[in-house]
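Visitor: Residues 1 to 441 (UniProt numbering) are what the sequence shown spells out, left to right.
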Amino acid sequence: MDNKKIGYKDVFTQTEYVKMMFAALINRFGDSIDAIASTWIVYQLTSSAAWSALIFGINNLPTVVVTPLAGAWVEGRNKKRIMIVTDLIRAVVVAAVASLFLFGLLQPWMLLISTITISTAEAFRGPANTAITPNILDEEMYEFGMSLKDSLSQIVQLIGLGCAAGIIALIGISGALYIDMATFIMSAAIIIFVNTKEAVTEKVAFNAKNYVTDLVEGVKYVSKEAVIVFFLWFSVFINAVLVPLNGLQAPMVEEILHSGVEALSVFSIAFTVGMLLGAVVFPYVSRILGNVAIFWGMGIMISGYYILLVVLQPLYVNQWVTYAILSVLSVLTGMIIAIANSMTSVVFMKKVKKEYIARAAAIATSVCVAAMPITSFLVSAVVTVVSVKAIFIVSGILAFLVTALMSRKAYLLSDDEPASAISCEESVETDVEVNSIEEAI
């Protein structure tokens with residue numbers, strides 16, 4: 001099919017992908033309700049912010065530690081079956097939490113165990129899901145297929161978050177969790193009918209030696225392919241550079257915008273709208289500008305966002321002007337971030353060999369998630385001695401410097417560039433330089 005004639009409507013010809021996307025959307029709706037309900041459960045049980053922080057940290061731990069190990073285990077096994085089983089595991093755990101809370105039996109330590117169990121299941125499901133995608137979505141459809149999924153996911157998440165309060169008020173926290181349980185079961189039921197076009201795999205007993213071999217091969221593959229090394233640094237950069245913005249929203253509103261909680265709502269809505277628009281327009285932007293231009297646009301826009309919020313302070317003469325400036329900057333930045341995220345997903349699917357996708361995706365997920373708490377720790381330490389304004393200015397400068405440093409290898413993102421275009425040795429210098437900048441952030 002001629003790429004110039006491909007549009008969103010053509011994605012619906014990919015029947016198996018549409019089924020899988022529908023299952024993911026149902027999952028996302030349940031998760032958005034669960035996010036609100038779980039937050040209330042933790043605080044109602046403990047009345048402790050420390051417990052909330054502990055649950056958050058525990059939730060990310062399996063992603064960092066288990067996912068790379070799970071990726072190697074998933075490779076060579078029936079990934080459809082893995083997705084179904086993990087969905088059912090999550091359904092059972094959520095149902096148990098809902099029932100225990102309903103009867104007043106839920107304890108904080110039980111929440112820790114349930115969180116670890118669900119996150120561990122997700123650590124296996126994620127690589128399996130990623131590895132299936134090339135089997136059910138034609139390569140020329142990647143841009144529109146993934147953008148459609150991202151766009152609809154944003155919409156469904158907004159609907160879920162909007163409905164969560166009403167659902168909890170109507171049927172209680174346990175009722176909201178039972179809805180989440182039902183979405184997992186529905187997702188598993190849909191996936192049963194998806195033809196994932198996987199090669200027939202024989203049942204094999206777990207072999208520690210073969211497992212270690214698969215794991216080592218995956219790490220070697222990821223480390224030797226320059227484009228994947230670049231992809232990892234780029235993904236880490238996106239996650240890390242946004243930490244000051246995500247972690248300092250309230251101080252930003254008070255110290256820089258001199259506004260109240262309303263500005264936080266404006267910021268959240270504008271950013272979400274921007275990300276939704278970015279996911280929708282990505283295929284067209286990618287076709288016109290190309291991946292290298294998107295890379296530069298993301299770096300410049302994020303850098304500009306941090307710096308302009310501070311530099312434009314004299315223009316914040318009243319709340320409406322402040323909201324207008326905040327909205328424009330947030331929509332534009334949200335758009336370019338969504339476009340960059342979609343671009344990295346497509347590049348990953350195109351460049352990574354199918355037999356390594358699960359392992360490579362697992363390693364990438366682990367590295368990217370680990371970047372956030374590390375950067376959060378650095379920011380939390382720095383903010384005790386430096387103003388939010390200074391942190392934003394420095395973050396903006398560092399964002400531009402990292403973009404400039406990485407731009408020397410940005411050509412690897414081009415569709416015309418094969419995965420092994422340069423050797424790992426040629427990319428070492430860039431890796432070291434980027435690493436030093438990341439530590440500074």
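Yeah, the Cβ is synthetic: ideal placement off N, Cα and C, and Gly gets one too.
Taking Cβ positions, are residue 128 and residue 74 nearer each other than 7 Å?
Guide: yes
Visitor: Within a Cβ cutoff of 8 Å, which residues of the same chain sit near residue 307, ignoring the five residues on either side of it in sequence?
Guide: 392, 393, 396 and 397
Visitor: Go ahead and pull the three-state DSSP assignment for residue 419.
Guide: Because the pLDDT of residue 419 is 45, which lies under 50, any placement of that residue in the model is unreliable, and the number read from its coordinates should be weighed accordingly. Three-state DSSP puts residue 419 in coil, outside helix and strand.
Visitor: Taking C-alpha atoms, which residue in 14, 272, 23 and 84 lies nearest to residue 339?
Guide: The option with the nearest alpha carbon to residue 339 is 272.
Visitor: Where does residue 375 sit, in a helix, a strand or coil, going by DSSP?
Guide: It is helical.
Visitor: Could you give the residue range of the alpha helix (DSSP H) that holds residue 297?
Guide: 291 to 311
Visitor: Determine the DSSP secondary structure at residue 242, reduced to helix, strand or coil.
Guide: Here residue 242 sits in coil by DSSP.
Visitor: Rounded to the nearest angstrom, what separates residue 8 and residue 346 at their Cα positions?
Guide: Between residue 8 and residue 346, the C-alpha separation is close to 15 Å.
Visitor: Locate the alpha helix (DSSP H) running through residue 28, then write down its first and last residues.
Guide: 15 to 46
Visitor: May I ask which residues mark the beginning and end of the alpha helix (DSSP H) holding residue 100?
Guide: 79 to 102
Visitor: If you draw a straight line from the alpha carbon of residue 368 to that of residue 159, how long is it in whole angstroms?
Guide: Take the alpha-carbon of residue 368 and the one of residue 159: they are about 27 Å apart.
Visitor: Given residue 60, which residues of its chain have a CB within under 7 Å of its CB, disregarding the five upstream and five downstream residues?
Guide: 369 and 373
Visitor: Classify residue 43: buried if its beta carbon has 16 or more other beta carbons within 10 angstroms, exposed otherwise.
Guide: exposed
Visitor: Buried or exposed, going by whether 16 or more other CB atoms sit within 10 Å of the CB of residue 246?
Guide: exposed
Visitor: Since I believe residue 30 is in contact with residue 179 (beta carbons under 8 Å), could you give me their beta-carbon distance rounded to a whole number of angstroms?
Guide: 6 Å
Visitor: Within the continuous alpha helix (DSSP H) that includes residue 406, where are the two ends?
Guide: 388 to 406
Visitor: Quick one: using the 10 Å Cβ neighbour count with 16 as the cut-off for buried, is residue 320 buried or exposed?
Guide: exposed
Visitor: Considering residue 452, what are the terminal residues of the alpha helix (DSSP H) in which it resides?
Guide: As shown, the chain starts at 1 and ends at 441. That puts residue 452 outside it, with no answer to give.
Visitor: So, helix, strand or coil for residue 365, using DSSP?
Guide: helix
Visitor: Where residue 70 and residue 90 are concerned, what is the direct C-alpha to C-alpha distance, given to the nearest angstrom?
Guide: 16 Å
Visitor: Starting from the Cα of residue 389, find the closest Cα among 327, 93, 248 and 232 and give me that residue.
Guide: 248
Visitor: How many Å lie between residue 366 and residue 85 at the Cα?
Guide: Roughly 22 Å separates the two Cα atoms.
Visitor: Quick one, are the C-beta atoms of residue 444 and residue 267 less than 7 Å apart?
Guide: Because residue 444 is not part of the residues shown, which for the chain are 1 to 441, the question remains open.
Visitor: In terms of alpha-carbon separation, which member of 281, 353, 379 and 67 lies closest to residue 334?
Guide: Taking each of 281, 353, 379 and 67 in turn and checking the Cα distance to residue 334, the smallest one comes out for 281.
Visitor: Following the continuous alpha helix (DSSP H) through residue 348, name the residue where it begins and the one where it ends.
Guide: 319 to 351
Visitor: From residue 14 to residue 156, what does the alpha carbon distance come to, in whole angstroms?
Guide: 21 Å
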